[in-house]
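K.L.:
Structure below; questions to follow.
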Amino acid sequence: MAVFRVEKTKDFTIMSNHHLRNTELSLKAKGLLSLMLSLPEDWDYTTKGLAHICKDGVDSITTALKELERHGYLTRQRLRYDNGQLGDIEYTIHEQPVSTENTGLSPKRENPRQVKPEQAKPKQAEPEQENPAQLNTNPLKTKKSKKDKSITYPSIYPAEPEAANRTDGMDRIELIEAYREIIKENIEYDLLVLRYGRERLDEVLELMLEVILSKRPYIRIAGDDFPREIVKSRFLKINSGHLEYVFDCIDKNTTKVGNIKAYLLAALYNAPATMDSYYRAEVNHDLYGC
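When you line the sequence shown up against our numbering, it's residues 1 to 290, in that order.
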């Protein structure tokens, strides 16, 4: 019979054995949870960040995260700002599973659980909105937390017919997060933000996200309709140089722009095709005055 020996080092992590002994969890989910519990709290807890240190891709990691959420090891809650507007989504990683009934963090929000206040004559409370965020009155011992920051951005397209049937699940959230990280890496966000400011750069980032995630078969740019996949492919090729070119063109424009979103959309779409010619013309003008 083969003999297995375990060699341990000083660099170790102390965690609960609960998830390791849970027979309902897959090996992938156990490994991912152990990995997340071993990382510092300020680490990049995104699917892309996890994919950088795992052999598995984003899709595989997303599947494991959904499994952990089903079993109560991962919970999420939509936070609310002081003005009542829905804000960030807060993820909490637990060493031991918590019941969604106790936390009020049910993955499905279509049928919220109604709360009965303690009164002499109990009366069922009506939710203030269609999908209210339920409050947790029991304090939780959390190991890690991660906030998925999303910016409310008005759409320049009509509402999609299937939008009403779309669930606010982790699939959509993780997809947005993944594309946001891809765009940030492509445009070298951390460098450009020092030059152009976060507000201006985030405006472009959210517009690019809106286009890339659109489900419409065609996207209108400068009065013409282009297939969605072509527009998406071009937007995913935009880099920091293209953005600098777009901002340069906007700053030099002296005419009044009626629809800034449509103008910015057209500038972004045309940037990869026109940037080289633009700078070549600038060089010729400086050298030869023509």
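Glycine residues also receive a C-beta, built at the ideal position from the N, C-alpha and C atoms.
Name the DSSP bridge partner or partners of I219?
P.N.:
F226
K.L.:
Measuring only the C-alpha atoms, how far is I14 from V231?
P.N.:
48 Å
K.L.:
Over the uninterrupted beta strand (DSSP E) stretch that includes L74, give me the two end residues.
P.N.:
Counting along the chain, the beta strand (DSSP E) containing L74 begins and ends at 74 to 80.
K.L.:
Quick one: using the 10 Å Cβ neighbour count with 16 as the cut-off for buried, is T327 buried or exposed?
P.N.:
Only positions 1 to 290 of the chain appear in the structure, and residue 327 is not among them; the question remains open.
K.L.:
Output yes or no for whether 8 Å exceeds the beta carbon distance between L37 and E95.
P.N.:
Remark: C-beta atoms of L37 and E95 approach each other more closely than 8 Å.
K.L.:
Inspect the beta-carbon positions of L33 and Y73 and report whether they are closer than 8 Å.
P.N.:
yes
K.L.:
In this structure, does DSSP put I93 in helix, strand or coil?
P.N.:
strand
K.L.:
To the nearest angstrom, how far is it from the Cα of K55 to the Cα of L25?
P.N.:
19 Å
K.L.:
Is the distance from the Cβ of L201 to the Cβ of L192 below 8 Å?
P.N.:
yes
K.L.:
Using the Cα positions of P217 and T23, report the straight-line distance between them to the nearest angstrom.
P.N.:
44 Å
K.L.:
Run the CB neighbour count on E199, radius 10 Å, all protein chains shown included, and call it buried at 16 or more, exposed below.
P.N.:
exposed
K.L.:
With a cut-off of 8 Å, does the C-beta of I250 fall near any C-beta of chain C?
P.N.:
Absent here is chain C; the protein component of the structure consists of one chain.
K.L.:
Report the CB separation of T92 from T75 in whole angstroms; it is logged as a contact under 8 Å.
P.N.:
5 Å
K.L.:
L264 and L207 - do their beta-carbons sit closer together than 8 Å?
P.N.:
yes
K.L.:
Taking the alpha carbon of E67 as the reference point, which residue from C249, K28, I53 has its own alpha carbon closest?
P.N.:
K28
K.L.:
Whole angstroms is fine: what's the gap from F247's alpha carbon to K184's?
P.N.:
16 Å
K.L.:
Let me know the secondary structure DSSP gives P272 once reduced to three states.
P.N.:
helix
K.L.:
Compute the Euclidean distance between the alpha carbons of I238 and D190, then round it to the nearest angstrom.
P.N.:
For I238 and D190, the distance between alpha carbons rounds to 15 Å.
K.L.:
Given N186, which residues of its chain have a CB within under 6 Å of its CB, disregarding the five upstream and five downstream residues?
P.N.:
N239
K.L.:
Is the Cβ-Cβ distance between E181 and T46 less than 8 Å?
P.N.:
yes
K.L.:
Could you tell me which of Y269, L205, V98, D171 sits nearest to D225, measuring between CA atoms?
P.N.:
If you compare the alpha carbons of Y269, L205, V98, D171 with that of D225, the shortest gap goes to Y269.
K.L.:
How long is the line joining the alpha carbons of S99 and E69, rounded to whole angstroms?
P.N.:
Computed Cα separation, rounded: 10 Å.
K.L.:
Quick one: Cα of I212 to Cα of E203, how far?
P.N.:
Distance between the alpha carbons of I212 and E203 is about 14 Å.
K.L.:
So, for R228: in the same chain, excluding its five sequence neighbours on each side, which residues have a beta-carbon less than 7 Å away from its beta-carbon?
P.N.:
Closer than 7 Å at Cβ, skipping near neighbours: S214, R216, P217, Y218, I219.
K.L.:
What number of angstroms, rounded off, separates the C-alpha of A266 from the C-alpha of I221?
P.N.:
6 Å
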